[in-house]
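Novice: Numbered by our numbering, the letters in the sequence shown go through residues 606 to 1136 in order. The beta-carbon is built from N, C-alpha and C at its ideal position, and this holds for glycine as well. What you are looking at is a predicted structure, and each value in this text was computed from that prediction instead of being measured.
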Amino acid sequence: MRERGKEHAMRFNEKLNLLMKMSNTTNMLLAEALGIDPSLVSRWRTGSREPNFHSRYIISIGAYFASIAKQDFQRVALLELTGHTFEEKDVAEPIIANYVTRWLTNDSKITGETIQTLLDTISQATMAENRQTHHLELPQEPSGTSVLSQTFHGTGGLQEAVTKLLLRTLSAGQQSVLLLYSDESMDWINSYPAFARMWSYLLVQCIRKGTKIKIIHTLARDSSELAGAVEKWLPFYLTGAITSYYYPRKLDGLFRHTHFILQGQAAVSSVSVKHQEKATIAYHFSADPIQVDAMQKLFNAELDQCKPLVRTFIGKAISNVNTQRLAFLSMPGSYAANLEILPTTGMPTHLLEQMLIRNNVPLDERIAIVEKAKEYDKIVIQILQKQDYLFLICLPRINDVLKGNVKAGAVELYVRRPCNYLPQEYLEHLRHTIELLKHNDRLQLCIIAKKYMIPNVQAFAKPGAGMVVLKLNEPKFAFISEQRDLVSALYRHITVQAQKLPKRERNKEFVLNRLENFATRIESGMAKNDS
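#1: Would you please state the rounded distance, in angstroms, between the beta carbons of Leu-1075 and Val-926? I believe it to be under 8 Å.
#2: From the DSSP output, in three-state form, read off Pro-840 for me.
#3: Pick out whichever of Ala-978, Ile-1053, Ile-1127, Phe-1115 has its Cα sitting closest to the Cα of Lys-1043.
#4: Rounded to whole angstroms, how far is the Cβ of Leu-771 from the Cβ of Asp-893, which I believe are closer than 8 Å?
#5: Please state whether DSSP places Lys-1081 in a helix, a strand or coil.
#6: Identify whether Asp-1142 lies in helix, strand or coil by the three-state DSSP scheme.
#7: Could you have a look at Glu-734 and say whether DSSP puts it in helix, strand or coil?
#8: With DSSP as the reference, identify every bridge partner of Gly-1071, one or two as the case may be.
#9: For the beta strand (DSSP E) holding Gln-868, just list the boundary residues, first then last.
#10: With burial defined as no fewer than 16 other Cβ atoms inside 10 Å of the residue's Cβ, what is the status of Pro-1028: buried or exposed?
#11: Count the other CB atoms, across all protein chains shown, that sit within 10 Å of the CB of Tyr-806; report buried if there are 16 or more and exposed otherwise.
#12: So is Ala-1132 buried or exposed if we call it buried at 16+ other beta carbons inside 10 Å?
#13: Can Lys-879 be considered in contact with the ligand SAH, in the sense that its beta carbon sits closer than 7 Å to one or more heavy atoms?
#14: Put Val-966 into one of helix, strand or coil per three-state DSSP.
#15: Quick one, are the C-beta atoms of Lys-814 and Leu-843 less than 8 Å apart?
#16: Return yes when the Cβ of Leu-867 is within less than 8 Å of the Cβ of Leu-783, no when it is not.
#17: Considering only DSSP beta bridges, list what Thr-954 is partnered with.
#18: If you draw a straight line from the alpha carbon of Lys-1067 to that of Leu-1048, how long is it in whole angstroms?
#19: CB-CB under 7 Å to Gln-910, same chain, minus the five flanking residues each way: which ones, in chain order?
#20: Just reading off the beta strand (DSSP E) that Lys-819 is part of, what are its end residues?
#21: Alpha carbon to alpha carbon, how far is Gln-1104 from Leu-684? Give it in angstroms, no decimals.
#22: Which value, in whole angstroms, describes the spacing of the CA atoms of Leu-908 and Phe-865?
#23: Count the other CB atoms, across all protein chains shown, that sit within 10 Å of the CB of Ala-871; report buried if there are 16 or more and exposed otherwise.
#24: Would the region 655-675 count as touching the region 703-712 if we require 3 or more Cβ pairs under 8 Å?
#25: I think Ser-628 touches Ile-673, with their Cβ atoms under 8 Å apart; what is that distance to the nearest whole Å?
#26: Is DSSP giving Arg-930 helix, strand or coil here?
#27: DSSP puts Ala-941 in a beta bridge; with which residues?
#28: Apart from the five residues on each side of it in sequence, which residues of its chain come closer than 6 Å, Cβ to Cβ, to Ser-849?
#29: What residues are listed by DSSP as bridge partners for Asn-1025?
#30: Grouping DSSP H, G and I as helix and E and B as strand, with all else coil, what is Tyr-851?
#31: Could you tell me the alpha carbon to alpha carbon distance between Arg-609 and Gly-778, rounded to whole angstroms?
#32: Could you tell me the boundaries of the alpha helix (DSSP H) in which Leu-753 lies?
#33: Using 8 Å as the Cβ pair cut-off and three pairs as the minimum, do the region 1017-1025 and the region 1119-1129 touch?
#34: Three or more beta-carbon pairs under 8 Å between the region 895-902 and the region 954-961, yes or no?
#35: Considering only their Cβ atoms, is the gap separating Ala-1124 from Arg-1036 smaller than 8 Å?
#36: Under 7 Å Cβ to Cβ from Trp-793, same chain only, skipping five residues before and after it: list those, please.
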């Protein structure tokens, strides 16, 4: 049993298995590349055999996996796996091969030349006191620059310092900017309901007065905390006043930093160590221009190392979600998933145009929407030739269809007001979806119960690309992210819902029969209502 607190060092066979799974490499493919029998690869993978770390096979394995990493996302995966950064994705193939080889053998990144220099230095070293000059005149004590600041201690001190900063922001007027970064626990807010209410109220008041916010989230502790942080900040994202980022590398978590800055006016800062007693942590509030300027430069330097975390579309911009979804679909990858009432892709463009006319959308705007929808559908059909696309849908009650009570989410994106299907419109959309399913082998559609759908939400995710979450009721907004862990979690959530269905109900023939029967029941109901 592994001792608690000690990291598990991956063995060669575990690393090889991971590389092969990441790249979909079979024993046969690797054996052919190395010119060996597949049974030897199998023994390597089980751990019953292990090549010598100086073996030519190790070098060949590194070269093979570097050679098949053609796409940026594949190269980045290898770089991150071997302890390097995504910024190196453009380095030459032999360098990546060398990284993989060293990783497989646990070879040190320290070069032989560096070790030789160190050994030479050691051999010539003398004690510091023996090397010291006999006498030097002592310099005058440096004076530095005096700054005015106030210090607050512990959790209560942090709450007071933040309150002071937000009150200062409120009095600063419009066009103020808050820069926020902290990798400390959020307990100073979450565990104090009374303070959380005041903090939220002050922040909302600042936003209402025109304050813009830039926030950096961190992966310092656990990527699941990133999702929690986004969840806590979601109401503020909906205002459109927040731009969020995340640092894409995990930190060791030894040091904790907090930088809250009212641009050009004031700052709260602290540095602490993991497990430091909270009461001993000092938070410094300063309105000194020199100090604030230094903190802004520090924040901007951090920002340069970050990626966008969450973008939100509100108002008219919500209609851009299909363009964003298409951009993600077009990125390299072999599978994606969607959760929505009826596939947006399954709406014929002439039906879309008809519903836009019914909702009094101006002609020029209508033409632009329909042309964009045609292009969208054309590209999606092309994509379906080379990647799997899973749709989870739920069917409404027949009576709701016949009474015109089913929301037309795809149309609401454009008309920006409530819009329902007429019975004939819903039927036509459903029929078109059936035809799409029949003629596209890589399109999978699963029908789940309404209780498993997220109310008023459409969700799309493609691992390695991005995610789009669209909220259809007021306040409407779209939530976009390319953060790998968030995207993977959403994709997994959608696919897990599909896996809960019995295998028979995931069969395409079963789904088609169920959709056909549903369409027939709608037709019968419409005929009965007409008679």
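Specialist: So, from the listed chains and residues:
#1: Residue mapping note: residue 1075 aligns to position 470 of the sequence shown, counting from 1. Residue mapping note: residue 926 aligns to position 321 of the sequence shown, counting from 1. Going by Cβ atoms, the distance from Leu-1075 to Val-926 rounds to 6 Å, so yes, they are a contact pair.
#2: The residue you call residue 840 lines up with position 235 of the sequence shown. Residue state, collapsed to three classes: helix.
#3: The residue you call residue 1043 lines up with position 438 of the sequence shown. With distances taken between Cα atoms, Lys-1043 lies closest to Phe-1115.
#4: Residue 771 sits at position 166 when you count from the first residue of the sequence shown. Residue 893 sits at position 288 when you count from the first residue of the sequence shown. By a beta-carbon distance limit of 8 Å, Leu-771 does not contact Asp-893. Their separation comes to about 19 Å.
#5: One-based indexing of the sequence shown puts residue 1081 at position 476. Residue state, collapsed to three classes: coil.
#6: Not covered by the structure: residue 1142. The range shown for the chain is 606 to 1136.
#7: Here residue 734 is taken as the residue at index 129 of the sequence shown, counted from 1. Note that Glu-734 scores a pLDDT of 49, beneath 50, so its modelled location is shaky and nothing firm can be said.
#8: Along the sequence shown, one-based indexing puts residue 1071 at 466. When beta bridges are read from the DSSP output, Gly-1071 appears opposite Lys-1067.
#9: Along the sequence shown, one-based indexing puts residue 868 at 263. Where Gln-868 is concerned, there is no enclosing beta strand (DSSP E), given that its DSSP letter is neither H nor E.
#10: Mapped onto the sequence shown, residue 1028 falls at position 423. With at least 16 other beta carbons inside 10 angstroms of its own, Pro-1028 counts as buried.
#11: One-based indexing of the sequence shown puts residue 806 at position 201. Within a 10 Å sphere around the beta-carbon of Tyr-806 sit fewer than 16 other beta-carbons, which makes this residue exposed.
#12: As a position in the sequence shown, residue 1132 is number 527, starting the count at 1. Answer is exposed; the Cβ neighbour count stays below 16.
#13: As presented, the structure is devoid of all ligands, the ligand SAH included, so that no description of it is given.
#14: Taking the first residue of the sequence shown as 1, we reach residue 966 at position 361. Looking at Val-966 - three-state DSSP - the assignment turns out to be coil, as it is neither helix nor strand.
#15: As a position in the sequence shown, residue 814 is number 209, starting the count at 1. As a position in the sequence shown, residue 843 is number 238, starting the count at 1. Not closer than 8 Å, so no.
#16: For this step, residue 783 is matched to residue 178 along the sequence shown. For this step, residue 867 is matched to residue 262 along the sequence shown. The answer is yes: Cβ separation under 8 Å.
#17: Here residue 954 refers to the residue found at position 349 of the sequence shown. Checking the DSSP bridge columns, you'll see Thr-954 has no partner listed.
#18: Reading the sequence shown from its first residue, position 462 is the one you call residue 1067. Reading the sequence shown from its first residue, position 443 is the one you call residue 1048. Those two C-alpha atoms are separated by around 14 Å.
#19: Taking the sequence shown and counting its residues from 1, the one referred to as residue 910 is at position 305. So the list reads Tyr-852, once near-sequence residues are dropped.
#20: Walking along the sequence shown from the start, residue 819 turns up at place 214. Where Lys-819 is concerned, the enclosing beta strand (DSSP E) stretches over 817-822.
#21: Indexing the sequence shown from 1 puts residue 684 at position 79. Indexing the sequence shown from 1 puts residue 1104 at position 499. So the alpha carbons of these two residues sit roughly 32 Å apart.
#22: Walking along the sequence shown from the start, residue 908 turns up at place 303. Walking along the sequence shown from the start, residue 865 turns up at place 260. If you draw a straight line from the Cα of Leu-908 to the Cα of Phe-865, it is about 13 Å long.
#23: Position 266 of the sequence shown, counting from 1, holds the residue named residue 871. With 16 or more Cβ atoms within 10 Å of its Cβ, Ala-871 is classed as buried.
#24: Per the Cβ contact rule, the region 655-675 is in contact with the region 703-712 (3 or more Cβ pairs under 8 Å).
#25: For the purposes of this step, residue 628 is taken as residue 23 along the sequence shown, with counting starting at 1. For the purposes of this step, residue 673 is taken as residue 68 along the sequence shown, with counting starting at 1. At roughly 6 Å, the Cβ-Cβ gap stays under 8 Å, so Ser-628 and Ile-673 are in contact.
#26: Translated into the one-based positions of the sequence shown, residue 930 becomes position 325. DSSP places Arg-930 in the helix class (H, G or I) of the three-state scheme.
#27: Translated into positions along the sequence shown, residue 941 becomes position 336. Note: Ala-941 sits in a beta bridge opposite Tyr-994.
#28: As a working note, residue 849 is residue 244 in the sequence shown. Once the five neighbours on either side are set aside, the close Cβ partners of Ser-849 are Ile-820, Leu-914, Val-915.
#29: To locate residue 1025, count along the sequence shown from 1; it is residue 420. Answer is Lys-1012.
#30: As a working note, residue 851 is residue 246 in the sequence shown. Reduced to three states, the DSSP call for Tyr-851 is strand.
#31: Within the sequence shown, residue 609 is the residue found at index 4, counting from 1. Within the sequence shown, residue 778 is the residue found at index 173, counting from 1. Any reading at Arg-609 must be qualified, since the residue scores a pLDDT of 36, below 50, and its modelled position is unreliable; the value itself is stated next. Cα-Cα distance, rounded: 53 Å.
#32: On the sequence shown, residue 753 is found 148 positions in, with the first residue counted as 1. Note, Leu-753: premise wrong, no alpha helix (DSSP H); not H, not E.
#33: Contact fails between the region 1017-1025 and the region 1119-1129, because fewer than three Cβ pairs, one in each stretch, are under 8 Å apart.
#34: Touching, no, given that fewer than three Cβ pairs across the two stretches are closer than 8 Å.
#35: In the sequence shown, the residue the question calls residue 1036 occupies position 431. In the sequence shown, the residue the question calls residue 1124 occupies position 519. Yes, Cβ-Cβ distance for Arg-1036 and Ala-1124 is below 8 Å.
#36: Position 188 of the sequence shown, counted from the start, is the residue given in the question as residue 793. So the qualifying residues of the chain are Thr-760, Leu-763, Gln-764.
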